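What follows is a set of notes on a single structure, which appears directly below.
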Amino acid sequence: MKKHGGRILFFLFAAFFAVNIWVFILGQNEVLNIAEFEVQSKKISDPVTIVQLSDLHEKSFGPDNASLFAAVRSLKPDLIAITGDIIYNSYTDSPNLAYMENLAKNCVEIAPTFFVTGNHDRYHPQAVKEAFSRQGVTVLEGTATSLSVRNTTLSISGIDDPDIDPDSLAKIDFGGGEQFRLLLAHRPGAFEEYARAGADLVLTGHTHGGQIRLPWTKAIFYADGGLFPEYSDGLYTRDNSTMIISMGLGSSVIPFRLFAQPEITVTRLLPATAGS
């Protein structure tokens, strides 16, 4: 009798542990983290707040993404950058246009919004771009556009993912002038080329921060970054250029994240202080 009782207790404990681990994992996937960064530059006269959304993969936070939009609105962005991978699965038969248009419409109502494609958007790139463009989002494909925020003017450029346009790197163009140069690009691996093209700040995604990793670590692996990749998430510098990698919001291949919480990335551009 004691033997059977011990087995029952063991299985009950194992079931309790398994359920709670799964609840913990699911909980990590539903809570939004805000990752904040500051970048100083002599080209910035008045502060500019940029909210970046990346790698949604059709993920929703609340009905129609209401919780996501509420979080973005609370950050009071001057502009919103969406850096690709809207589609959940590259091989999907048709893009979820309703999802994209809802995302685009709500973002545009908050602040001027800019978009570049990611690798998962590659089977339906034109449909994806048109869905965003219809709602007033600026779709970037190499050429620059200007945005003035109070007394600061940004030159904003962006490129298609190389899976969509293999020559995208060669198309980076900020035009003339001495404005602060912001580049949107899905993948971080070409940071050297982005810096060489003159970007002051590059906003990228793609890595998911590894998506599944150990606590308090950077990415262990992601598809084209390999094992212990050079770029994971957060802020990197090269010469006079800064790159910020968002861990993004959704998941792909494996349908959950572990110790790589979904994040909204906030970058505040600030005037350079004395001595910086």
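Going by UniProt numbering, the residue at position 91 of the sequence shown is 91; the numbering climbs one at a time, nothing skipped.
From the three backbone atoms N, C-alpha and C, an ideal C-beta is built for every residue, glycine too.
The structure presented is a predicted model; accordingly, all values stated were derived computationally and were not measured.
Query, Result
"If we count the other Cβ atoms within 10 Å of its Cβ and call it buried at 16 or more, is Asn240 buried or exposed?", "exposed"
"With distance defined between alpha-carbon atoms, name the residue in Pro215, Ser155, His206 nearest to Ala199.", "Ser155"
"Taking the DSSP output, what are the residues bridged to Arg257?", "According to DSSP, which records beta bridges pairwise, Arg257 is partnered with nothing at all."
"At which residue ranges does the segment 128-178 contain complete beta strand (DSSP E) runs of 3 or more residues, listed in the order of the chain?", "145-149, 152-158"
"Evaluate Arg122 with the Cβ neighbour count: other Cβ atoms within 10 Å of its Cβ, from every protein chain shown; 16 or more gives buried, anything less gives exposed.", "buried"
"Just to confirm my understanding: we take Ala49, look at its own chain, exclude 5 residues before and 5 after, and list those with CB closer than 6 Å. What are they?", "Correcting the residue type first, residue 49 is Thr in the shown sequence and not Ala. For Thr49, where only same-chain residues beyond five positions count, the Cβ hits under 6 Å are Pro77, Asp78, Arg268."
"Does DSSP put Gly189 in a helix, in a strand, or in coil?", "coil"
"What beta strand (DSSP E) runs, 3 residues minimum, are completely inside the segment 180-242?", "180-184, 201-204, 234-238"
"How far does the alpha helix (DSSP H) with Ile110 in it reach, from first residue to last?", "97-110"
"Which of helix, strand or coil does DSSP assign to Glu58?", "coil"
"Do Thr207 and Tyr222 come within 9 Å of each other at the CB atom, strictly closer than that value?", "yes"
"Have a look at Val266 and Ile244 and give me their C-alpha separation to the nearest angstrom.", "10 Å"
"Quick one: using the 10 Å Cβ neighbour count with 16 as the cut-off for buried, is Asp224 buried or exposed?", "exposed"
"Exposed or buried, what is Phe13 when buried is set at 16 or more other beta-carbons lying within 10 Å of its beta-carbon?", "Its pLDDT being 44, under 50, Phe13 is placed unreliably in this model, and the value from its coordinates should be taken loosely. Exposed, because fewer than 16 other Cβ atoms sit within 10 Å of the Cβ of Phe13."
"So who's on the other strand from residue 304, going by DSSP bridges?", "The question about residue 304 has no answer here: the residues shown for the chain are numbered 1 through 276."
"Which residue's Cα is closest to the Cα of Ser133: Leu184, Ala144, Val51, Val116?", "Val116"
"Within the continuous alpha helix (DSSP H) that includes Ala71, where are the two ends?", "66-74"
"Is Tyr99 closer than 9 Å to Ala58 when the C-beta atoms are compared?", "Reading off the sequence, residue 58 comes out as Glu, not Ala. For Glu58 and Tyr99, yes; Cβs fall inside 9 Å."
"Rounding to the nearest angstrom, what Cα-Cα distance links Arg150 and Asp46 in this structure?", "7 Å"
"From the DSSP output, read off the bridge partner residues of Leu249.", "Per DSSP, none; premise fails for Leu249."
"Figure out for me which residue from Thr143, Leu249, Asp165, Leu203 has the closest Cα to the Cα of Phe174.", "Thr143"
"Which of the three DSSP states, helix, strand or coil, is assigned to Pro77?", "coil"
"Can you tell me whether Ile47 is helix, strand or coil according to DSSP?", "The residue you asked about is not Ile; residue 47 is Pro in the sequence shown. Of the three classes helix, strand and coil, the one that applies to Pro47 here is coil, per DSSP."
"Does Glu178 pass the burial test, meaning 16 or more other C-beta atoms within 10 Å, or should it be called exposed?", "exposed"
"Can you tell me which of Gly189, Asp64, Asn89 puts its alpha carbon nearest to the alpha carbon of Ser251?", "Asn89"
"Sort out for me which residues DSSP pairs Pro271 with in a bridge.", "Ser41"
"Buried or exposed, going by whether 16 or more other CB atoms sit within 10 Å of the CB of Lys42?", "exposed"
"What residues match up with Ile82 in a beta bridge as DSSP calls it?", "Leu53, Phe115"
"Looking at the strands, I want to know which residues DSSP matches up with Ile87.", "DSSP, once it has assigned bridges, lists no residue as partnering Ile87."
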